[in-house]
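Structure record follows, encoded as C-alpha cells.
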Amino acid sequence: MAQYVPLKKPVHQRPVSSHVSAGTKKEWGVPVALVGMIRDQLTVSSWLALGGCLQCLLFLVGGRIAFVPPFFLLFYRVVDAALMTKGWKANPAVEDVIYNKFAIHYPDAEGKYGGKTANKDIVVFHIGARNFHPMGMFAPGFKGIGDFFDGMVKDAEKRSEEYGLMGVTSYNVVGESSTSSETMTVMFFENLEGLHKFAHDPLHREAWNWWNKNLDKLKHISIWHEVFRCPAGNWEGIYVNSHPRGLAATTVPLTLEKDNEALGVKAGEKVHCYPIVDARRGPLKTSAGRLSATGSDAKEHEKYSDDPYENYGRLNAV
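Residue numbers for the sequence shown follow our numbering, beginning at -5 and rising by one.
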C-alpha cells in the first residue's frame, strides 16, 4: 500500500480561512480585505486623477514641499522591492509558501497517509456575488449582503465540526471588468448533510429573508451558488510553490488512540491535520494517478523527458 509524506504538521487549533484572516491582517493599519475592496472601486485612470487632484491641493496649501511625499513613497517602494529581490529583506508575499510539488491526501483515523488516492468524499460549494451599481461599495444593500455573508462564514468556521466544514478559500474574479470585481468563495464540506445544515441555519435563513424582502431594491446585485458532490476517487489537486489554497487549505480533526511519532501527536490528543503531501513520485505524480477511480499506474509521464521535480523541494513536514 502506497504511503505518502505529509509536508505540513498537524495543528492543535483549527486554522482560520483566508476569508476570515483577510479581515484581521492589516496593511498600514487597515484590513487588507478593505484595502482590496477600496482599490477595486475605481479604474486606474480615476485613481490617477484623484491623486493628481490631491497633489494640486497639497501644492496650494504647502507649496513645493508637496512634491516630496510622492517621490519619497516611490523611492521607498523601489528600494523595498530591490532589497527583496536581492534577498536582503524577507518577502512577506511568500510567507507560508510550500516550495515543492504537492498534492492532496487525507490521513486515516490513525493519522497515516496511505492507501488509494482521492480517498475521501468531498462536497464543493461555490458561492459568489457581484455589484453592478455605479456607486460601487456604497450601493444600497451591498454592505448588508457583505455583513450577512461574513457573519455566516465566521459562524460556520466556529462550528466546523458540526457542519463537516473542512475549509474556505475566497477569490476575486478579475478580467471581466476594471472595477467591481465579482467575488467567489469556495467551501469544502465532508457531505451534503453538513452543507444543507449550514444552508438552513437560522443565520442563513435570516439572510434569505432579508434578500427576499428587499429583492426589488437589489437588482444591481447578482448572487449565485453551485454545488459539486465529488465521490472518493474522482477528484484531485496539484500545487507547485504555492500557499495552501483550495483543498490544500482544508483540515480534518483527528483524536488518535495511539501515539503517532511521525506526526508528533500523542494518544488522546486532538489535532487538525492538513492533507498536503509530497507528489514528486508514486501514484500522486500524475493526474490519472491522483484520480484513483481511473485505475492508473501513474506511469503516463514516462514517455516525456526527465522529471524536473524529481530532486526539487523538500521531503519533511513543517
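Virtual Cβ for every residue (Gly too), placed ideally from N, Cα, C.
Quick check: what's the CA-CA separation for residue i versus residue j?
i: aspartate 115; j: asparagine 228; result: 9 Å
i: tryptophan 218; j: phenylalanine 136; result: 15 Å
i: arginine 223; j: cysteine 50; result: 57 Å
i: tryptophan 202; j: alanine 27; result: 24 Å
i: methionine 131; j: aspartate 195; result: 27 Å
i: tyrosine 303; j: serine 11; result: 29 Å
i: leucine 209; j: glycine 231; result: 38 Å
i: lysine 19; j: asparagine 206; result: 33 Å
i: threonine 280; j: aspartate 301; result: 11 Å
i: aspartate 291; j: histidine 99; result: 17 Å
i: histidine 237; j: leucine 248; result: 23 Å
i: valine 29; j: glutamate 89; result: 19 Å
i: alanine 103; j: methionine 129; result: 52 Å
i: serine 299; j: isoleucine 32; result: 47 Å
i: serine 286; j: tyrosine 107; result: 15 Å
i: asparagine 254; j: glutamine -3; result: 15 Å
i: glycine 158; j: glutamate 263; result: 20 Å
i: valine 55; j: serine 15; result: 40 Å
i: tryptophan 82; j: valine 72; result: 14 Å
i: glycine 45; j: lysine 211; result: 34 Å
i: glutamate 155; j: valine 265; result: 13 Å
i: glycine 57; j: glycine 23; result: 29 Å
i: glutamate 170; j: histidine 214; result: 17 Å
i: lysine 252; j: alanine 75; result: 49 Å
i: glutamate 21; j: glycine 109; result: 44 Å
i: serine 39; j: glycine 140; result: 27 Å
i: serine 175; j: tyrosine 70; result: 29 Å
Kindly indicate which residue of the options has the alpha-carbon position closest to the one of residue i.
i: valine -1; options: Leu250, Glu200 and Lys95; result: Lys95
i: aspartate 34; options: His99, Gly81, Val168 and Ile121; result: Val168
i: proline 4; options: Val271, Tyr93 and Ala150; result: Val271
i: asparagine 235; options: Gly46, Glu155, Ala87 and Leu36; result: Ala87
i: isoleucine 121; options: Arg58, Arg153 and Thr177; result: Thr177
i: glycine 317; options: Glu200, Asp74, Ser175 and Arg153; result: No answer is possible for residue 317: the residues shown for the chain start at -5 and end at 312.
i: proline 9; options: Ala75, Leu48 and Arg153; result: Arg153
Is the beta carbon of residue j closer than 8 Å to that of residue i?
i: proline 269; j: threonine 288; result: no
i: glycine 105; j: valine 246; result: no
i: alanine 150; j: phenylalanine 182; result: no
i: leucine 333; j: isoleucine 92; result: Past the edges of the chain, shown from -5 to 312, lies residue 333, and the structure says nothing about it.
i: alanine 123; j: serine 216; result: yes
i: glutamate 296; j: alanine 282; result: no
i: tyrosine 233; j: arginine 274; result: no
i: valine 117; j: asparagine 185; result: yes
i: phenylalanine 126; j: tryptophan 204; result: no
i: threonine 111; j: arginine 239; result: no
i: leucine 189; j: valine 221; result: yes
i: alanine 226; j: asparagine 113; result: yes
i: histidine 13; j: threonine 179; result: yes
i: leucine 197; j: glycine 145; result: yes
i: serine 172; j: threonine 37; result: yes
List the whole-angstrom C-beta distance separating residue i from residue j, where the pair is believed to meet the contact cut-off of C-beta under 8 Å.
i: alanine 97; j: leucine 250; result: Alanine 97 to leucine 250, Cβ: 23 Å. No contact.
i: cysteine 267; j: proline 101; result: 5 Å
i: leucine 52; j: alanine 60; result: 4 Å
Does any heavy atom of the ligand ADP sit closer than 7 Å to the C-beta of residue i?
i: serine 11; result: The ligand ADP is not among the ligands present in this structure, which contains no ligands whatsoever.
For this session: Could you say if the region 62 to 80 and the region 159 to 172 meet the contact criterion of at least three C-beta pairs nearer than 8 Å?
Result: no
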